[in-house]
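Shown next, in structure tokens, is the structure this report addresses.
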Amino acid sequence: MAELEQHEGEQDIEKKIVETRQKFKNEFLQESTDKYDSRDVERLDKDDALVEGYLQWRLCVVEDALKLIDESLQWRKEFGVNDLTESAIPRWMFETGAVYLHGYDKEGNKLFWFKVKLHVKDTKTIVDKKKYVAFWLERYAKKEPGMPLTVIFDMAESGLSNIDMEFVKYIINCFKVYYPKFLSKMIIVDMPWIMNAAWKIVKSWLGPEAVSKLKFASRSEVHGFIDPEYLPAHMGGTDPFKYSYPPLPDDDFQTPICENGPIVSEDELESKEGDMESKDVLESSFSSEVAVKPKKVNFLEDSLRAEDNDKGDASSRTKGARKPLTTFKGALLDVSPAEELSFGSAETEKRCLIILSNVTKNKVAFKVRTTAPEKYRVKPSSSFCEPGASVDIVVSLHGGSQASPQDRFLVMAAEMDNSLSQELAQFWKEVQKAKIMEHRLRCHVVESLKQTVSPLRDSPVETGSGGLQEFHTALMRVITCNARLEQKLNSCLWVQKVLIGLVLILVLLNLLCLRLLTSSQQPS
């Protein structure tokens, strides 16, 4: 029943995507094609995930999503986002270290740091600062499509002179309009009490769909969101990272592991493959984002190649595996699921299916790596896919292992020359890095069926095909109303404080007049 509802939901969103594209062409593109970058229009026409992101951010209301798309695409052309490069940004902005990407929160989301004390309001540089933020966001979006960010406003040693409300509103719009569904959380750390009024305004800008993502935390409370290894010393952390430029920090946008650090770069991996073909697990060392002692991380290679090439029945191999419902459209392969592999704690929820579909006219070689090879078995982990064909890859938890939200899988693919019969190991050594397609998948831990079904039995909410959507819509309306009421209440409290102040001034004036009158009536 649940799978049927999910299937109906997928069909509904597909219809909405088609409708959105058609209306955009008829209502917006016909007016003028010059107000958008043609590359953005082409991407909108081909990337289902992009359109779906706008729709979901606007509760699948097509008209609202279209307004968001129109505003977003106009902004992208105005700021030349597709052509933003490191050389297009003034060097001094990188050197200040006011904005950068570094580290991960406990959910595995990248941290986007804003050092507020380093920001000074200046109308002459505001445009360059906006492009600077757009540069970082676009850079990350291309490296990690679909992966959200956690924004950290570090308020330590900052004051009113560091608060630029226009710039803050722009940052809010980046996540509210220009990069929908990109924000995981926005954490304001160590905020001085004198800035309370300013951040209440910011809260109203976020809107009901994102207001729940705003978190205020002290230096001790921030540890509930981020482990000490990614927090600076003034927040009670142990991260030795010191910003410097050049080069850019997190230049490779490496994916985190629970304790061992990020995925090693491809260059380092390929340099070691020749010496380790006979081993089950590829072990590689890497340098972290700063000059600290290297850590080790294992990646699953083709440990059981003989078993993978076995001509056993494919249906029996994939039986019981969770089938994907979403698809990432890649240049060489379509990858299903698009973003997450979902594992549960029950025995029947410990296998997932990755489906790779070749969209080229040549054979495509692929291999799958994981950041936790001791926990997962991948079959096949390395092979090739014929033109127009698909390959089912089974990912299963090994033994009593449990999936973690910080576990990652990396799908790598490269096009092969059909005229050459080449060994896969040799092919991966010789293929150019620029020709390799990479797609990352994160792990999602779902609650067991018993835990999720029992509360719904007594729930008055209807669980039909449209019940969950209606409940979600109603919940968002309640949140919207609550936000409006809170805004009105804040306004009333402000007016009340002003009136109290005026009354106090009048009382003081009356007392002063009374004193003057009394002193004038006394005999000299």
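For what it's worth, this note's numbering labels the leading residue of the sequence shown as 84, then goes sequentially.
Cβ atoms here follow ideal geometry from the backbone N, Cα and C, with glycine treated the same way.
Top-ranked residue by Cα proximity to residue i, from the options
| i | options | result |
| --- | --- | --- |
| F250 | D273, Q105, K212, A239 | K212 |
| E432 | S484, D147, E513 | S484 |
| Y187 | S473, V494, W196 | W196 |
| A517 | E178, E498, Y253 | E498 |
| L138 | D490, I96, K108 | I96 |
| A421 | N109, D117, L408, N165 | L408 |
| L243 | K225, V199, I235, V285 | V199 |
| R523 | V494, K512, L507 | V494 |
| K204 | I246, L127, K193 | I246 |
| M238 | S473, I271, L592 | I271 |
| F618 | A404, V586, Y215 | Since the first residue of the chain shown is 84 and the last is 607, residue 618 is not available in this structure. |
| L415 | S428, S473, R460, K458 | S473 |
| K458 | K450, V478, T206 | V478 |
| K412 | D128, D117, Q113 | D128 |
| Y328 | G136, S419, P173, T410 | P173 |
| F162 | V210, D147, G136 | V210 |
| D475 | R491, E469, K462 | K462 |
| A496 | V514, Y253, E423 | V514 |
| D490 | W511, R525, A224 | R525 |
| S303 | P315, S295, V294 | P315 |
| V285 | M248, G319, S295, L587 | M248 |
| R460 | N593, F492, P470 | F492 |
| E569 | D417, S287, L151 | S287 |
| P228 | M318, E521, E146, Q604 | E521 |
| H185 | P332, Y119, M269, G191 | P332 |
Counted within 10 angstroms of its Cβ, other Cβ atoms place residue i as buried (16 or more) or exposed
| i | result |
| --- | --- |
| F430 | Strictly speaking, residue 430 in this sequence is Glu, with Phe absent from that position. It is exposed - the Cβ of E430 has fewer than 16 other Cβ atoms within 10 Å. |
| L149 | buried |
| V581 | exposed |
| V375 | Because the pLDDT at V375 is just 36, under 50, the model does not fix this residue reliably, and the point stays unresolved. |
| A171 | exposed |
| S602 | exposed |
| C564 | exposed |
| V364 | Low per-residue confidence applies at V364: pLDDT is 36, beneath 50, and the placement is therefore not dependable, though the value from the model is reported in the following sentence. Its Cβ having fewer than 16 others within 10 Å, V364 is exposed. |
| R598 | exposed |
| A300 | buried |
| L167 | buried |
| C596 | exposed |
| L585 | exposed |
| L591 | exposed |
| P470 | exposed |
| K571 | exposed |
| A280 | exposed |
| K283 | exposed |
| K268 | buried |
Expected contact under 8 Å - CB spacing of residue i and residue j to nearest Å
| i | j | result |
| --- | --- | --- |
| V621 | F467 | Residue coverage of the chain in this structure runs from 84 to 607, which leaves residue 621 outside it and unanswerable. |
| V134 | R104 | 7 Å |
| Y313 | L194 | 7 Å |
| S425 | R405 | 6 Å |
| K189 | D273 | The Cβ separation is near 19 Å, so there is no contact. |
| G427 | V529 | 5 Å |
Alpha-carbon to alpha-carbon, residue j and residue i
| i | j | result |
| --- | --- | --- |
| V164 | P330 | 21 Å |
| V234 | L297 | 9 Å |
| K226 | P323 | 25 Å |
| A455 | P488 | 12 Å |
| C42 | R567 | Because the chain here runs from 84 to 607, residue 42 falls outside it and cannot be looked at. |
| S440 | T321 | 44 Å |
| I437 | K98 | 25 Å |
| S465 | P231 | 29 Å |
| F308 | H481 | 29 Å |
| P275 | E240 | 9 Å |
| Y183 | H527 | 27 Å |
| T179 | H202 | 9 Å |
| M359 | D117 | With a pLDDT of 43 at M359, under the threshold of 50, the modelled position of this residue cannot be trusted, and the question is left open. |
| K108 | V144 | 17 Å |
| V451 | D130 | 24 Å |
| A224 | I100 | 21 Å |
| V294 | F449 | 41 Å |
| E423 | Q509 | 30 Å |
| T453 | T208 | 43 Å |
| Q113 | E102 | 16 Å |
| T206 | G136 | 33 Å |
| N192 | I562 | 25 Å |
| E146 | Q94 | 19 Å |
Any non-hydrogen atom of the ligand SAM within 8 Å of residue i CB
| i | result |
| --- | --- |
| W577 | As far as ligands go, the structure on display features none, and thus does not contain the ligand SAM. |
Three-pair Cβ contact test at 8 Å for the stretch 246-263 versus the stretch 213-231: In this structure the stretch 246-263 lies against the stretch 213-231, because at least three pairs of beta carbons, one per stretch, are closer than 8 Å.
Decide if the stretch 261-274 is in contact with the stretch 132-152; the criterion is three or more beta carbon pairs, one per stretch, under 8 Å apart. yes
For the stretch 122-138 against the stretch 150-169, do three or more pairs of beta-carbon atoms, one drawn from each stretch, fall closer than 8 Å, so that the two count as touching? yes
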